[in-house]
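Trainee: Shown below is the structure under consideration.
Protein chains: 2
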Amino acid sequence: MSAEAVLEKITALLGPHGCIVEAAARAPYEHGPRYGAGAALCVARPADIAEAAELMRLCAADRISIIPQGANTGLVGASSPDTSGRQLVLSMERIKGVIDIDPVDGVIQAWAGTRLSDLNQALEPHGLCFPIDLGADPSVGGMLAANTGGARLIRYGDVRHNTLGLQALLMQPPGELLELGNRLRKNNTGPDWKQLFIGTAGSYGIVTQAVLRAHPLPRQRATALVVPSSPEAALRLLQDAEREFADFLSAFEGMSQNALEAVLRHLPQAIAPFSPMPPYALLIELSSSASANEQFNLEQLFMSWLERHFDDAIVDAVVDKPDTLWRLRHAISDSVKQEGKVVAFDISVPRSRMPAFREEALALIARDFAGADVYDFGHWGDGGVHFNIAIAPAQQEHFPPPRIDALRTAIYDMVVHGYQGSFSAEHGIGPFNQHYYDRYQGQAQRQLAARMQPVFDPHYLLGNTRFG
Amino acid sequence: MSAEAVLEKITALLGPHGCIVEAAARAPYEHGPRYGAGAALCVARPADIAEAAELMRLCAADRISIIPQGANTGLVGASSPDTSGRQLVLSMERIKGVIDIDPVDGVIQAWAGTRLSDLNQALEPHGLCFPIDLGADPSVGGMLAANTGGARLIRYGDVRHNTLGLQALLMQPPGELLELGNRLRKNNTGPDWKQLFIGTAGSYGIVTQAVLRAHPLPRQRATALVVPSSPEAALRLLQDAEREFADFLSAFEGMSQNALEAVLRHLPQAIAPFSPMPPYALLIELSSSASANEQFNLEQLFMSWLERHFDDAIVDAVVDKPDTLWRLRHAISDSVKQEGKVVAFDISVPRSRMPAFREEALALIARDFAGADVYDFGHWGDGGVHFNIAIAPAQQEHFPPPRIDALRTAIYDMVVHGYQGSFSAEHGIGPFNQHYYDRYQGQAQRQLAARMQPVFDPHYLLGNTRFG
Chain A
1 MSAEAVLEKI TALLGPHGCI VEAAARAPYE HGPRYGAGAA LCVARPADIA EAAELMRLCA
61 ADRISIIPQG ANTGLVGASS PDTSGRQLVL SMERIKGVID IDPVDGVIQA WAGTRLSDLN
121 QALEPHGLCF PIDLGADPSV GGMLAANTGG ARLIRYGDVR HNTLGLQALL MQPPGELLEL
181 GNRLRKNNTG PDWKQLFIGT AGSYGIVTQA VLRAHPLPRQ RATALVVPSS PEAALRLLQD
241 AEREFADFLS AFEGMSQNAL EAVLRHLPQA IAPFSPMPPY ALLIELSSSA SANEQFNLEQ
301 LFMSWLERHF DDAIVDAVVD KPDTLWRLRH AISDSVKQEG KVVAFDISVP RSRMPAFREE
361 ALALIARDFA GADVYDFGHW GDGGVHFNIA IAPAQQEHFP PPRIDALRTA IYDMVVHGYQ
421 GSFSAEHGIG PFNQHYYDRY QGQAQRQLAA RMQPVFDPHY LLGNTRFG
Chain B
1 MSAEAVLEKI TALLGPHGCI VEAAARAPYE HGPRYGAGAA LCVARPADIA EAAELMRLCA
61 ADRISIIPQG ANTGLVGASS PDTSGRQLVL SMERIKGVID IDPVDGVIQA WAGTRLSDLN
121 QALEPHGLCF PIDLGADPSV GGMLAANTGG ARLIRYGDVR HNTLGLQALL MQPPGELLEL
181 GNRLRKNNTG PDWKQLFIGT AGSYGIVTQA VLRAHPLPRQ RATALVVPSS PEAALRLLQD
241 AEREFADFLS AFEGMSQNAL EAVLRHLPQA IAPFSPMPPY ALLIELSSSA SANEQFNLEQ
301 LFMSWLERHF DDAIVDAVVD KPDTLWRLRH AISDSVKQEG KVVAFDISVP RSRMPAFREE
361 ALALIARDFA GADVYDFGHW GDGGVHFNIA IAPAQQEHFP PPRIDALRTA IYDMVVHGYQ
421 GSFSAEHGIG PFNQHYYDRY QGQAQRQLAA RMQPVFDPHY LLGNTRFG
């Protein structure tokens, strides 16, 4: 069937408002925040799940490839079409809105197109929040497809940990609606199929709505920037903080001297927390939904803890408002961009291996990739490392694409083979990481995925990631 | 092939110590704690995963059905053979032991046959525990197969929430070892296949080892038995406790007057906490791994909270040692058994519906099943209800099996259709719940399971549960 005939059918189904064909209007849906542009056959924007189901049946019949898209904030290209002009972008942006909030159940139910910020706005009057903490404002469907993590994973877990139920449209049989779950905390009635739709970028079906765990909003918070006496001391502090503060430890982040200095150079009005700047600093945060009172005050508890560790594990510390300290932390990514061409890493290692990995990786860069500057920061609480590198303008001629590929592979090889770590801690696979998935993922897992393919999507029509 | 020839091959593979054929020696493996006896072809006890893999290849070739078994403490018959004498029990009891503990990573890695008590014994010197709290002492493999919950789910989640990685032997290809995961907290590299082996009773493969989250051991605890002014007040207390005590709320259990009175009748030296006994009581527990000190003392916090609610939601309260109060709670099941023939329920409803469900279910029993006495207790924190019933000896002639089936179905229908609840909150499916699975599980889910079957086990050789 010709592209024109297909577009005519889709427009007839969704109406002109539901099917964007014109190139300029398509453009925002064709590229994500971190990679080049593709070209879509069209952008389909169904108004409800009945239209989405019908669209899937149409695509199945005509073998049209579908790229599901939420807020298009992902970092691995999983929601972007390729350059063929033959893939259909299925935007869920019109299937949005909060369906229900139950403060006793501690749940929020919402359509896939609902933004994270909208969830939190709806939850706030109930004293609740959805505690996924990150810079972007993804949609519910996108968060499930990516299994979003974020900076407070140590306290709340990732999206998988906070999903009680979901509803998905299948490609096999085309357009079938699978209702998975509910708002129960305890339910052992067979395989937990919903897990297959989380962190798989829409490859097994398109999430249309979710029932998510809501958590009490923090009502007090204490934050400090801490200079550990050594990398090993940082691990001791992490362990001790987990024991002493149990689950009101809500962040344990690390920032290298380079990363902090980049922030001071580029963030307007940033004030140096230390002078001279230490080689490494930790941002430690406690938070609790209990109000502060004379019996329970996180700031006081935190101050006592810091004092107790000043002799051994802590060299220096700055206690300041959460917003002030987080502003430094959140400014790292953008500040590093201003230092040169960024080679970003989203990797993780077991927490116990953080110091050893960092030492070996820095040595590798210094030895084999001199001229590349490392501005690493990371989540010590969950082993996540953003081992970001910038190539300064004067150095860029020495770093042609093959050398950057070699650098990338050298670091990934070290993470995966040397540390049993992950080459994609929180961003997922997508076209951006497909090559590394094929390189690092075990053969047995890839074969299992290949055997599963016919069950969910025999003609590889869903998404642009190939798990098997 | 004759049974004799098969037994000869298995004995040759595993040695006489590894294959139990004699009837009396087989018996303990042929029945579980709550149901009648089956008869196994033999009990195979491989010494390691190489033997287990070879055994699976042998069974695949000869089409011998395998019933995986851990500590055989499950409550739905999922680890028991049927009466045909043709199923092989694959006991994992010899594949046991702790492989590694890393206190910084907060993980314990252990073979499938390791008991929960052994995990905790190995973790204790590190100040850690595996916080699944229940009466039995299951194995690691059994806990994963059942996705064990327990009384502290509100604080720690179920086994699924605490499993970082696992290793499983597949039936397709027979004996293939699938390595799923590691000790990473953050890893988004494709489908999370390990979820398919959790809560599925070995139907998709046999778990051979797991990497589990270890948590800091509590170092202080505060417990009270609280009489709420009404069922709705109990919900208000739950919500407020979650906000005020964040995640050091470690249990919020409910016990009916009947259940408490049964305990007082049958538990030696039990002392009545209230007089007269109230219609319902809550066991609320706070715990923290932080030591008690003048800045942070759970008992003091708890006392203040109880006082604050005395005017509205709380009618009476007894603060006592955790062991004393938990002893009452844990004695309910056994005490009810002494009241008559037990019809046990393991159901759950959304937390917000606990009072409405209880009222309607009690009314149904009173109206249609007079003579059946309800001794309900439950986990208000997670919506789990053990709506247990005892038929006193004098009444048993009025409750022949068909009437008990009718009672069971009436309650399940109410839970599933009236409250979007679960007919098996924590025990799983197994032969005991197969009939209800077929009745209540959505058709789309059962069809998906049927399509998945060839991927994992085309000849239905694994386990005795049929998901599709």
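Residue numbers (the UniProt record's numbering), protein chains in the order written: chain A, 1 to 468; chain B, 1 to 468. Even for Gly, the Cβ is constructed at its ideal location relative to N, Cα and C.
1. Classify His-379 (chain A) as helix, strand or coil using the three-state DSSP reduction.
2. Counting Cβ pairs, one atom from each stretch, are 3 or more of them under 8 Å apart for the stretch 118-128 of chain B and the stretch 81-94 of chain B?
3. By a C-beta neighbour count over all protein chains shown, 10 Å radius and 16 as the cutoff for buried, is Gly-97 (chain B) buried or exposed?
4. Which term fits Lys-186 (chain B), buried or exposed, when burial requires 16 or more other beta carbons within 10 angstroms of its beta carbon?
5. Where does Pro-191 (chain A) fall in DSSP's three states?
6. So Ala-53 (chain B) packs on Leu-169 (chain B), CB below 8 Å; how close in whole Å?
7. What are the start and end residues of each continuous beta strand (DSSP E) run of 3 or more residues lying completely inside the stretch 249-302 of chain B, in chain order?
8. Going by DSSP, what residue range makes up the beta strand (DSSP E) through Ser-422 (chain A)?
9. Return no unless some Cβ of chain B is closer than 9 Å to the Cβ of Pro-131 (chain A).
10. Measuring CB to CB, does Gln-220 (chain A) end up less than 9 Å from Leu-298 (chain A)?
11. Hey, Asp-346 (chain A) and Glu-426 (chain A): beta-carbon distance below 9 Å or not?
12. Pick helix, strand or coil for Asp-323 (chain A), following the three-state DSSP scheme.
13. What does a CB cutoff of less than 8 Å around Pro-131 (chain B) pick up in its chain, not counting 5 residues either side in sequence?
14. What residues are listed by DSSP as bridge partners for Asp-316 (chain B)?
15. Would you list the one or two residues that DSSP bridges to Arg-221 (chain B)?
16. Find the residues of chain A that neighbour Pro-68 (chain B), judging by a C-beta separation of less than 9 Å, and give them in chain order.
17. Determine, using beta carbons only, whether Asp-311 (chain B) comes closer than 9 Å to chain A.
18. Beta-carbon separation of Val-374 (chain B) and Ala-361 (chain B) under 9 Å?
19. DSSP state of Glu-93 (chain A), grouped into three classes?
20. From Leu-212 (chain B) to Ile-108 (chain B), what does the alpha carbon distance come to, in whole angstroms?
21. Less than 8 Å between the CB atoms is what I'm expecting for Leu-286 (chain A) and Phe-302 (chain A), so what's the real figure, rounded?
22. For the pair the stretch 235-244 of chain A and the stretch 288-295 of chain B, tell me if three or more CB-CB distances fall below 8 Å.
23. Reducing DSSP to helix, strand and coil, say where Val-342 (chain B) ends up.
24. Tell me the DSSP secondary structure of Thr-208 (chain B) in three-state form.
25. For a contact defined as C-beta to C-beta under 8 Å, what are the partners of Ala-233 (chain A) on chain B?
26. Any Cβ of chain A within less than 9 Å of the Cβ of Tyr-437 (chain B)?
27. Of the residues A:Pro-173, A:Val-159 and A:Thr-189, which one's Cα is nearest the Cα of Ala-145 (chain B)?
28. If contacts are defined as beta-carbon pairs under 8 Å, then Ile-389 (chain A) and Ala-372 (chain A) qualify, I think. What distance do you get, rounded to the angstrom?
29. From Leu-38 (chain B) to Asp-100 (chain A), what distance separates their C-alpha atoms?
30. Beta-carbon of Pro-174 (chain A) versus every beta-carbon of chain B: anything under 9 Å?
31. Note down, in chain order, every chain A residue with its Cβ under 7 Å from the Cβ of Ile-429 (chain B).
32. With 9 Å as the threshold, decide whether the Cβ of Ala-71 (chain B) is near any Cβ in chain A.
33. Is Leu-134 (chain B) helix, strand or coil by DSSP?
34. With a cut-off of 8 Å on the beta carbons, I'd call Gly-340 (chain A) and Ala-406 (chain A) a contact; round off their distance for me.
35. Between which two residues does the alpha helix (DSSP H) containing Ile-10 (chain B) stretch?
36. Quick one: what's got a C-beta closer than 8 Å to Ser-203 (chain A)'s C-beta in the same chain, skipping five residues either side?
Mentor: Well, looking at it:
1. Residue mapping note: residue 379 (chain A) aligns to position 379 of the first sequence, counting from 1. In the structure shown, His-379 (chain A) sits in a strand (DSSP, three-state: E or B).
2. No, because fewer than three Cβ pairs between the stretch 118-128 of chain B and the stretch 81-94 of chain B fall closer than 8 Å, the two stretches do not touch.
3. Position 97 of the second sequence, counted from the start, is the residue given in the question as residue 97 (chain B). It counts as exposed.
4. Taking the first residue of the second sequence as 1, we reach residue 186 (chain B) at position 186. So Lys-186 (chain B) counts as buried.
5. Position 191 of the first sequence holds residue 191 (chain A). Three-state result, Pro-191 (chain A): coil.
6. Translated into positions along the second sequence, residue 53 (chain B) becomes position 53. Translated into positions along the second sequence, residue 169 (chain B) becomes position 169. The C-beta distance from Ala-53 (chain B) to Leu-169 (chain B) rounds to 6 Å, short enough to fall under 8 Å.
7. With a minimum length of 3 residues, the continuous beta strand (DSSP E) runs that stay inside the stretch 249-302 of chain B are 249-256 and 280-288.
8. Position 422 of the first sequence, counted from the start, is the residue given in the question as residue 422 (chain A). Element bounds for Ser-422 (chain A): n/a, residue is neither H nor E.
9. Stepping through the first sequence from its first residue, residue 131 (chain A) is reached at position 131. No, no contact with chain B.
10. Walking along the first sequence from the start, residue 220 (chain A) turns up at place 220. Walking along the first sequence from the start, residue 298 (chain A) turns up at place 298. Result yes, Cβ atoms of Gln-220 (chain A) and Leu-298 (chain A) sit closer than 9 Å.
11. One-based indexing of the first sequence puts residue 346 (chain A) at position 346. One-based indexing of the first sequence puts residue 426 (chain A) at position 426. Contact flag set, yes.
12. Position 323 of the first sequence, counted from the first residue, corresponds to residue 323 (chain A). Three-state result, Asp-323 (chain A): helix.
13. Stepping through the second sequence from its first residue, residue 131 (chain B) is reached at position 131. Cβ-Cβ distances below 8 Å link Pro-131 (chain B) to Arg-152, Arg-155, Tyr-156, Asn-162 and His-215 in the same chain, with the five nearest sequence neighbours on each side left out; the list follows chain order.
14. For the purposes of this step, residue 316 (chain B) is taken as residue 316 along the second sequence, with counting starting at 1. Looking at the DSSP output, Asp-316 (chain B) shares a beta bridge with B:Val-227.
15. Mapped onto the second sequence, residue 221 (chain B) falls at position 221. Bridge partners of Arg-221 (chain B): B:Ser-287.
16. Counted from its first residue, the second sequence places residue 68 (chain B) at position 68. By Cβ distance, chain A contributes nothing, its closest Cβ being about 16 Å from Pro-68 (chain B), past 9 Å.
17. Start at 1 with the first residue of the second sequence, and residue 311 (chain B) comes out as number 311. Not an interface residue.
18. Within the second sequence, residue 374 (chain B) is the residue found at index 374, counting from 1. Within the second sequence, residue 361 (chain B) is the residue found at index 361, counting from 1. In contact: Val-374 (chain B) and Ala-361 (chain B) (Cβ atoms closer than 9 Å).
19. Position 93 of the first sequence, counted from the start, is the residue given in the question as residue 93 (chain A). Look at Glu-93 (chain A) here: in three-state DSSP terms it is coil, with no helix or strand label.
20. What you label residue 212 (chain B) is simply residue 212 of the second sequence in a count that begins at 1. What you label residue 108 (chain B) is simply residue 108 of the second sequence in a count that begins at 1. Their Cα atoms are separated by approximately 5 Å.
21. The residue you call residue 286 (chain A) lines up with position 286 of the first sequence. The residue you call residue 302 (chain A) lines up with position 302 of the first sequence. Yes, Leu-286 (chain A) and Phe-302 (chain A) are in contact; Cβ-Cβ is about 6 Å, under 8 Å.
22. Yes, they touch.
23. Within the second sequence, the letter at position 342 stands for residue 342 (chain B). Annotated three-state conformation of Val-342 (chain B) is strand, per DSSP.
24. What you label residue 208 (chain B) is simply residue 208 of the second sequence in a count that begins at 1. Three-state DSSP puts Thr-208 (chain B) in a strand.
25. Within the first sequence, numbered from 1, the residue matching residue 233 (chain A) stands at position 233. Those within 8 Å of Ala-233 (chain A) in chain B number zero; the least Cβ separation is about 12 Å.
26. Reading the second sequence from its first residue, position 437 is the one you call residue 437 (chain B). Nearest CB-CB separation between Tyr-437 (chain B) and chain A: below the 9 Å threshold.
27. Start at 1 with the first residue of the second sequence, and residue 145 (chain B) comes out as number 145. Comparing Cα-Cα distances from Ala-145 (chain B) to each of A:Pro-173, A:Val-159 and A:Thr-189, the minimum goes to A:Thr-189.
28. As a first step, residue 389 (chain A) is located in the first sequence; it is residue number 389 there, counting from the start. As a first step, residue 372 (chain A) is located in the first sequence; it is residue number 372 there, counting from the start. Their Cβ separation, rounded to whole angstroms, is 5 Å, which keeps Ile-389 (chain A) and Ala-372 (chain A) in contact under 8 Å.
29. The sequence position of residue 38 (chain B) within the second sequence is 38, counting from 1. The sequence position of residue 100 (chain A) within the first sequence is 100, counting from 1. The sequence shown places Gly at residue 38 (chain B), rather than the Leu named in the question. When only Cα atoms are considered, Gly-38 (chain B) and Asp-100 (chain A) end up about 47 Å apart.
30. Position 174 of the first sequence holds residue 174 (chain A). Answer no: the Cβ-Cβ gap between Pro-174 (chain A) and chain B never drops below 9 Å.
31. Locating residue 429 (chain B) in the second sequence gives position 429, counting from the first residue. Within chain A, the residues near Ile-429 (chain B) are Thr-189 and Gly-190.
32. For this step, residue 71 (chain B) is matched to residue 71 along the second sequence. For Ala-71 (chain B), the closest Cβ of chain A is not nearer than 9 Å.
33. By 1-based counting over the second sequence, the position of residue 134 (chain B) is 134. The three-state reading of DSSP puts Leu-134 (chain B) in coil, since its state is none of H, G, I, E or B.
34. The count along the first sequence starts at 1 and reaches residue 340 (chain A) at position 340. The count along the first sequence starts at 1 and reaches residue 406 (chain A) at position 406. Contact doesn't hold; Cβ gap of about 18 Å is too wide.
35. In the second sequence, the residue the question calls residue 10 (chain B) occupies position 10. Start and end: 3-14.
36. As a working mapping, residue 203 (chain A) is identified with position 203 in the first sequence. In its chain, beyond the 5 residues on either side, Phe-456, Asp-457, Leu-462, Gly-463, Thr-465 and Phe-467 have a beta carbon closer than 8 Å to the beta carbon of Ser-203 (chain A).
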